[in-house]
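First the structure, in the form of structure tokens, and then the observations on it.
2 protein chains.
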Amino acid sequence: MEQAQIDHTLEEIRTALEDGKVPDAIAALIKLHPADRADAFSDLDHDDRAALLPQLDIPSTADLLEELEDDEAADVAIGLPTDLLADILDEMEPDEAADVLGDLPPARAAQALAEMEEADDVIPLLGHPDETAGGLMTTSFIAIKPGTTAHETIEFLRQISPAEETPYYLYIVDQAGHLAGIVGMRDLIIAGPEARVDSFMDPDVISVKTSTDQEDAARLMSHYDLAAMPVIDDVGVLQGVITHDDLVEVLEDEATEDIYRLANVPDPDLGIDSPVGTSVRRRLPWLYLNTLTALFAAWVISNFEGLFQQVAVLAVFQSVVAGMGGNAATQSLAMFVRAIALGEVSTQLAWRSLLRQVASGIIQGIAVGAVVGLGVYAWKGNAFLGLIMALALLGNIVVAAIVGTLIPLGLKAINLDPALASSVLVTAVTDSIGFALFLGLATIFLPHLR
Amino acid sequence: MEQAQIDHTLEEIRTALEDGKVPDAIAALIKLHPADRADAFSDLDHDDRAALLPQLDIPSTADLLEELEDDEAADVAIGLPTDLLADILDEMEPDEAADVLGDLPPARAAQALAEMEEADDVIPLLGHPDETAGGLMTTSFIAIKPGTTAHETIEFLRQISPAEETPYYLYIVDQAGHLAGIVGMRDLIIAGPEARVDSFMDPDVISVKTSTDQEDAARLMSHYDLAAMPVIDDVGVLQGVITHDDLVEVLEDEATEDIYRLANVPDPDLGIDSPVGTSVRRRLPWLYLNTLTALFAAWVISNFEGLFQQVAVLAVFQSVVAGMGGNAATQSLAMFVRAIALGEVSTQLAWRSLLRQVASGIIQGIAVGAVVGLGVYAWKGNAFLGLIMALALLGNIVVAAIVGTLIPLGLKAINLDPALASSVLVTAVTDSIGFALFLGLATIFLPHLR
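Sequence order for the protein chains is A and B.
Position in the first sequence counted from 1, then plus 180, gives you the working numbering.
Position in the second sequence counted from 1, then plus 180, gives you the working numbering.
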């Protein structure tokens, strides 16, 4: 539905620009919801964007920069004159403006900040690392002193701009700025006009520190079903607010990161339309790392090289053992990486789960080993080959269950992201042990195989 | 932080129960935030739960059922007397009550519904499939007629219970229930007392139908940064509201589903602490499917069985070619599955991305092939072996880029979840083609390898 509308608008814009009617193109773009405008703008080519941008008014450009991906917003910002850019940044939400400034060359960012009127809202945000609650929060929140009455608060709300990003709660702070409680808009409505806000505020506020990791902050908001969560400094002074749209963005980014890392794509910003050079530069190191483990597995096989001249059929089945171990390990691995990401793993649970994975591994190993062993016996007519196959599969699938569990738990124990190196390590183990088990058993049973 | 508090409470509860002091145990549990209470309750054993439950008051039990995982909530509900269960369900949010009823045996659910006072709120929710917007929404929203003034609306809000789940917006509906617009609580506060709500409502409401897939609904809320989104029927009558916590739940479930499916774990409800029997029953069929593809690859190798008697070293390196193809394909696969899940893939983009993946594949294939080829030459002293290795790796990594792209796009084109079967299909192709390429080239160059 939206995509069809965006495609239609893109056609209108391109036709208007071809005819030299820039205002018509602008009008078509402005008809869209700001979120869709950014999608349409991203699909335009460089010339079309350059034709549109100078004619777009300041609030619309501010909306556009807020909705564009970070790298695209920086591209647009770099192309604007500094005084215009400063006006646009003033119009933006402080957290979004800080993101744009953070992506500009430092000298350019300093110039823009110097010309901004509302630089004071943005400067405190620039010091926080991107991946922390401080990097995620906005300074655009409404703070009210404890002694204020409901009536006074409502009058205050009438006076200030209605464009604040965080309309759900009011934050009650004392003279020194310490967060004392929150008041929902609805609590305010149903309170008596003369009631003081501290008499009906909720003093049990769930908050995080500016230095809290964004993933932990997101986990907390999700756990307590919060639409907005205040961020305080080390002494409890309210610094900003994280809103539900930030939470959604973090959750999506973290899910992308885990899926990518399990697949050995180390950079979550890499997309299917990233330039070929970037894509290769980021992915190739991990392919080389995988090459090392593959060559290690090849070295394991090379120790049994003499076997193949005597029993060539071993070369046919060795990969089945290694591969099935990899598949079984990947199942356990995915479940543990996800459980760790969702914060569901306590120490007690980890041990119980390890035992359950091993028990599952034994049953699955017997089930797969028996079927494949019988199949190989039927195919090649050698019972010992079938037996070796069954035993090696059983052994490797149990090993798979253990390493698919212990490697993510171990990486977490040393504070590394379990998703980061798990796949490489797990496959290295199941490949090497799979080949060693199968070919080792074949050496033992060699007289029965020839 | 929360975990330490929960662990401490668990100790208090267990000590109190050992001493037979149930009220103390209840008091310790109640001190926690409802979301944490559910976590603590889940960690208790069966006897402790059974001791606590009958003493918990109705609102607290309702909170607990809302926060527990669906299967645990159903377990608790089944153990309660029907009249008590009905009272508890009345106290719960309608969407959560509907979820519990949906997980009960049908006869039991019918009995509970018959004894409920607020069954009318819940019954409309029972007809919607779980994975649709209708299955996700709550019927607990505040609807206001267009002619109502701001003052009258505020008086109405003062009268009704403040426990509604959706406090952010009011929904303006006509006599027939058609959704006409929304009003934020803050708009209501700053409006003049005699202003009619339809004079300051926002008539451009983004909404979905009850039958919309929950993933599409979540994507829309995330795209437009909505804290709540109305759900309408086919003629535009407001049926319910999806809130930000539902959105978060859908996003987390869909991410789990994709990670699991890419790892051949078909059931997103499977967890690391699922019973061994369940775990094996769900995972084993996918291991068997992988077995089939592994045996197919073995059959490919068996066509070259004679080679290994002449040149045993081929058995050492064949798996490197197959494995590296699998790794490269998994990189492309993960990026496409994620892009499709995030709704970022248009037809135009798909073609451009395919070309980019193939270009990356050629460069990565040359890079990996050259290094491994030279390494194998240095190791085994045979230039032709190195050349075969390099060519087979190049070929298979290009194949990997193509299938890692086309298989998820193809599955999406026929309306299947790209994550579901992609891994199996992709590995089947890269394994079989990897072995065939390497052993085929070896057959051609055989005189130079002996």
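In this text, a Cβ means the ideal position worked out from N, Cα and C, and glycines have one as well.
Counted within 10 angstroms of its Cβ, other Cβ atoms place residue 509 of chain A as buried (16 or more) or exposed: Position 329 of the first sequence, counted from the start, is the residue given in the question as residue 509 of chain A. Counting Cβ neighbours within 10 Å, residue 509 of chain A comes out buried, since at least 16 surround it.
By DSSP's criteria, residue 409 of chain A is part of a beta bridge. Which residues make up the other side? Position 229 of the first sequence, counted from the start, is the residue given in the question as residue 409 of chain A. Its beta-bridge partners are A:422.
Please determine, among A:214, A:477 and A:393, the residue with the shortest C-alpha to C-alpha distance to residue 606 of chain A. Sequence index remark: in the first sequence, residue 606 of chain A carries index 426 (1-based). Ranking A:214, A:477 and A:393 by Cα distance to residue 606 of chain A puts A:477 first.
Classify residue 596 of chain A as helix, strand or coil using the three-state DSSP reduction. On the first sequence, position 416 is the one that residue 596 of chain A refers to. Coil at residue 596 of chain A, not helix or strand.
Starting from residue 597 of chain A, find everything on chain B with Cβ-Cβ shorter than 8 Å and list it in chain order. By 1-based counting over the first sequence, the position of residue 597 of chain A is 417. Under the 8 Å cutoff, chain B gives no residues; its nearest Cβ is about 14 Å from residue 597 of chain A.
Residue 418 of chain A vs residue 353 of chain A beta-carbon contact at 7 Å: Residue 418 of chain A sits at position 238 when you count from the first residue of the first sequence. Residue 353 of chain A sits at position 173 when you count from the first residue of the first sequence. Cβ atoms of residue 418 of chain A and residue 353 of chain A: closer than 7 Å.
Going along the chain, which residues of its own chain have a beta-carbon closer than 7 Å to the beta-carbon of residue 205 of chain B, five neighbours each way excluded? Taking the first residue of the second sequence as position 1, residue 205 of chain B is located at position 25. The answer, listed in chain order, is 193, 196, 197 and 232.
Does any CB atom of chain B fall closer than 7 Å to the CB of residue 620 of chain A? For the purposes of this step, residue 620 of chain A is identified with residue 440 of the first sequence, where counting begins at 1. False, the Cβ-Cβ gap to chain B never drops below 7 Å.
Counting only beta-carbon atoms, is residue 444 of chain B nearer than 7 Å to chain A? Along the second sequence, one-based indexing puts residue 444 of chain B at 264. Judged by the 7 Å Cβ criterion, residue 444 of chain B is in contact with chain A.
Would you list, in chain order, the members of the stretch 452-478 of chain A that have their beta-carbon closer than 8 Å to a beta-carbon of chain B? 452, 453, 454, 455, 456, 459, 460, 463, 464, 466, 467, 468, 470, 471, 474, 475, 477 and 478
Considering only the alpha carbon of each residue, which of A:267, A:412 and A:522 lies closest to residue 313 of chain A? For this step, residue 313 of chain A is matched to residue 133 along the first sequence. It is A:412.
Own chain partners of residue 416 of chain B with C-beta closer than 8 Å, once the 5 adjacent residues on each side are dropped: By 1-based counting over the second sequence, the position of residue 416 of chain B is 236. Here the set comprises 358 and 359.
Cross-chain neighbours of residue 385 of chain A in chain B, by beta carbon under 7 Å: Looking up residue 385 of chain A in the first sequence gives position 205. Those do not exist, as residue 385 of chain A stays about 11 Å from chain B at its closest Cβ, beyond 7 Å.
Please name the residue or residues paired with residue 393 of chain A in a DSSP beta bridge. The count along the first sequence starts at 1 and reaches residue 393 of chain A at position 213. Partner(s): A:312.
Would residue 576 of chain B be called buried (16 or more neighbouring beta carbons within 10 Å of its own) or exposed? As a position in the second sequence, residue 576 of chain B is number 396, starting the count at 1. Classification of residue 576 of chain B: buried, given that the 10 Å Cβ count is 16 or more.
Who are the neighbours of residue 496 of chain B on chain A, taking C-beta pairs under 7 Å? Working through the second sequence from its first residue, we reach residue 496 of chain B at position 316. Chain A residues near residue 496 of chain B: 478, 481, 482 and 485.
Can you look up residue 330 of chain A in the DSSP assignment and give me helix, strand or coil? Working through the first sequence from its first residue, we reach residue 330 of chain A at position 150. Reduced to three states, the DSSP call for residue 330 of chain A is helix.
For a test of the three-state rule: what should DSSP assign to residue 631 of chain A, helix, strand or coil? In the structure as shown, chain A begins at 181 and stops at 630. Residue 631 of chain A is therefore absent and cannot be evaluated.
Any contact of the stretch 530-537 of chain B with the stretch 599-614 of chain B, i.e. 3+ C-beta pairs under 8 Å? no
Taking C-alpha atoms, which residue in B:253, B:614 and B:626 lies nearest to residue 474 of chain B? The residue labelled residue 474 of chain B in the question sits at position 294 within the second sequence. Of B:253, B:614 and B:626, the residue nearest in Cα terms is B:614.
Check whether residue 349 of chain A and residue 408 of chain A have beta carbons under 7 Å apart: As a working note, residue 349 of chain A is residue 169 in the first sequence. As a working note, residue 408 of chain A is residue 228 in the first sequence. Their beta carbons are under 7 Å apart, which means residue 349 of chain A touches residue 408 of chain A by this criterion.
Could you spell out where the beta strand (DSSP E) holding residue 360 of chain A opens and where it closes? Looking up residue 360 of chain A in the first sequence gives position 180. Unbroken beta strand (DSSP E) run through residue 360 of chain A: 359-364.
Going by beta carbon distance, what residues of the same chain come within less than 8 Å of residue 604 of chain A, once the five residues before and after it are set aside? Start at 1 with the first residue of the first sequence, and residue 604 of chain A comes out as number 424. Only 444, 466, 469, 470 and 473 meet the Cβ criterion.
Might you give, ordered along the chain, the residues of its own chain that have their beta carbon closer than 7 Å to the beta carbon of residue 181 of chain A, omitting 5 neighbours on each side? On the first sequence, residue 181 of chain A is found 1 positions in, with the first residue counted as 1. For residue 181 of chain A, the predicted model reports a pLDDT of 45, less than 50, meaning its position is unreliable and no value from the coordinates is stated.
Range covered by the alpha helix (DSSP H) that runs through residue 515 of chain B: What you label residue 515 of chain B is simply residue 335 of the second sequence in a count that begins at 1. 493-521 is the span of the alpha helix (DSSP H), which, as asked, contains residue 515 of chain B.
Going along the chain, which residues of the stretch 507-518 of chain B sit with their C-beta nearer than 9 Å to a C-beta in chain A? 507, 508, 510, 511, 512, 513, 514, 515, 516, 517 and 518
Give the interface partners of residue 552 of chain B over in chain A, defined as CB-CB distance under 9 Å, in chain order. Here residue 552 of chain B is taken as the residue at index 372 of the second sequence, counted from 1. The contacting residues are 471, 474 and 475.
Is the stretch 243-255 of chain A close to the stretch 274-294 of chain A, with three or more CB pairs under 8 Å? yes
Excluding the five sequence neighbours on either side, which residues of its own chain have a C-beta within less than 6 Å of the C-beta of residue 186 of chain B, listed in chain order? The residue given as residue 186 of chain B occupies position 6 in the second sequence. Hits under 6 Å: 216, 219 and 220.
Provide the residue span of the alpha helix (DSSP H) that contains residue 241 of chain A, from first to last. Numbered from its first residue, the first sequence carries residue 241 of chain A at position 61. Element bounds for residue 241 of chain A: 238-247.
Under 8 Å, with one C-beta from each stretch per pair, do the stretch 507-524 of chain A and the stretch 516-525 of chain B reach the 3-pair mark? no
Rounded C-alpha distance that separates residue 566 of chain A from residue 622 of chain A: By 1-based counting over the first sequence, the position of residue 566 of chain A is 386. By 1-based counting over the first sequence, the position of residue 622 of chain A is 442. Distance between the alpha carbons of residue 566 of chain A and residue 622 of chain A: 11 Å.
Could you check what DSSP says for residue 340 of chain A in three-state terms: helix, strand or coil? Working through the first sequence from its first residue, we reach residue 340 of chain A at position 160. In the structure shown, residue 340 of chain A sits in coil (DSSP, three-state: anything other than H, G, I, E or B).
Mind pulling the chain A residues with CB within less than 9 Å of residue 628 of chain B? Sequence index remark: in the second sequence, residue 628 of chain B carries index 448 (1-based). None at all; the shortest Cβ gap to chain A is about 18 Å.
Does any CB atom of chain A fall closer than 7 Å to the CB of residue 612 of chain B? Here residue 612 of chain B refers to the residue found at position 432 of the second sequence. Chain A contact via Cβ: absent.
Using 7 Å as the threshold, is the C-beta distance between residue 305 of chain B and residue 274 of chain B below it? The residue you call residue 305 of chain B lines up with position 125 of the second sequence. The residue you call residue 274 of chain B lines up with position 94 of the second sequence. Result yes, Cβ atoms of residue 305 of chain B and residue 274 of chain B sit closer than 7 Å.
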